[in-house]
Amino acid sequence: MNAPTRAWKRSGALIAGAAFGLVGVGLNAAPASAHTPVWTVTCSEVTVDLKAYSSRVTNTVTITADGKDLLPTQEFGRDFSKTLQLPEHKAEIQVRLVVKAGDGERFSRDETKTAPVCETPEPSEPPQEPEPSEPPQEPEPSEPPASEPPATEPPATEPPSSEPPATEPPGTEPPATEPPSSEAPPAPAPSTPPLAETGGSSATPVIAGAAAATVAAGAGILVVTRRRRAGRS
Numbered sequence: 031m032n033a034p035t036r037a038w039k040r041s042g043a044l045i046a047g048a049a050f051g052l053v054g055v056g057l058n059a060a061p062a063s064a065h066t067p068v069w070t071v072t073c074s075e076v077t078v079d080l081k082a083y084s085s086r087v088t089n090t091v092t093i094t095a096d097g098k099d100l101l102p103t104q105e106f107g108r109d110f111s112k113t114l115q116l117p118e119h120k121a122e123i124q125v126r127l128v129v130k131a132g133d134g135e136r137f138s139r140d141e142t143k144t145a146p147v148c149e150t151p152e153p154s155e156p157p158q159e160p161e162p163s164e165p166p167q168e169p170e171p172s173e174p175p176a177s178e179p180p181a182t183e184p185p186a187t188e189p190p191s192s193e194p195p196a197t198e199p200p201g202t203e204p205p206a207t208e209p210p211s212s213e214a215p216p217a218p219a220p221s222t223p224p225l226a227e228t229g230g231s232s233a234t235p236v237i238a239g240a241a242a243a244t245v246a247a248g249a250g251i252l253v254v255t256r257r258r259r260a261g262r263s
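Numbering-wise (this note's numbering), the sequence shown opens with residue 31 and increments by one.
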């Protein structure tokens, strides 16, 4: 009974040792297959994607373009992803990626890629605008011959004047006469008959003046004659 028991113990120890050996190999191989640095370069940008790195150590990444720092050295843990714009360039430039893994140099990367020149698209000519087409001319409407109707306006007549003709009123001024003298005036000469008055006239004042002068002259003669007679007597 002791011989079979010992044989089983030896077989179990061998199996356990083989299992531990396989597990150790797997653990050692896992980190190597887990580090996956991926990066791409175009004419205008750089894209970096680092995954499955150990977070228990310090990892760093650096990117340069044409010998100048595009991404200064930066620490990261398990993952790192970033897209960077390249400077304008008229010729191809070299882009370098340096990744240092904290868990061993075998997981680090130092690679270089070329960034091509971006093609400048030719300026496209703006589409020419079509010339506006002239609208069709509409025919002018024919005008009918103008016919003037016969004139129906009556002849113009002046309205009768309602104002009566202006008439001068007859003169109302009486002829100027001197007051009767106490002496009897001499009889007027027959050669100057009195004129009949026919109403207001422009000669009335003249006639009145002449009559007054005649009366005064007659009175003067009469006075002189009497004085002469008195002196003789």
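Backbone N, C-alpha and C fix where the C-beta goes; we use that ideal spot for every residue, glycine too.
Short of 6 Å from the beta carbon of F137, and not among the five residues preceding or following it, lie these beta carbons of its own chain, in chain order: H65 and A131. For A145, the enclosing beta strand (DSSP E) begins and ends at R139 to A145. Contact between the region 69-78 and the region 141-156 is present: three or more C-beta pairs spanning the two stretches fall below 8 Å. The distance from the Cβ of R126 to that of T94 is about 5 Å, consistent with a contact at the 8 Å cut-off.
Nearest to D79 by alpha-carbon distance, out of V129, T244 and F110, is F110. In this structure, E75 sits away from Q104, with a CB-CB distance that is not shorter than 7 Å.
Here V253 is exposed. Its C-beta has fewer than 16 other C-beta atoms within 10 Å.
Restricted to the region 85-161, the beta strand (DSSP E) segments that are unbroken, complete and at least 3 residues in length are 89-95, 98-106, 110-115, 123-130 and 139-145, listed in chain order.
For the options T92, F106, V245 and L101, the alpha carbon positioned closest to that of R86 is the one of F106.
Under a 10 Å Cβ-count criterion, P67 is classified as buried, with 16 or more other Cβ atoms of the shown protein chains found around its own Cβ. If you look at E75, you'll find it in the beta strand (DSSP E) that goes E75 to K81. Note: V71 is bridge-paired with V76 in the DSSP secondary-structure output. T77 has its alpha-carbon roughly 55 Å from the corresponding atom of S163. For the pair Y83 and D133, the Cα-to-Cα distance works out to about 9 Å. Straight-line measurement puts the Cα of L101 at about 8 Å from the Cα of V91.
D99 is positioned such that its CB atom lies no closer than 7 Å to that of I123. Between the alpha carbons of P156 and E141 lies a distance of about 45 Å. The C-alpha of R258 lies about 22 Å from the C-alpha of T244.
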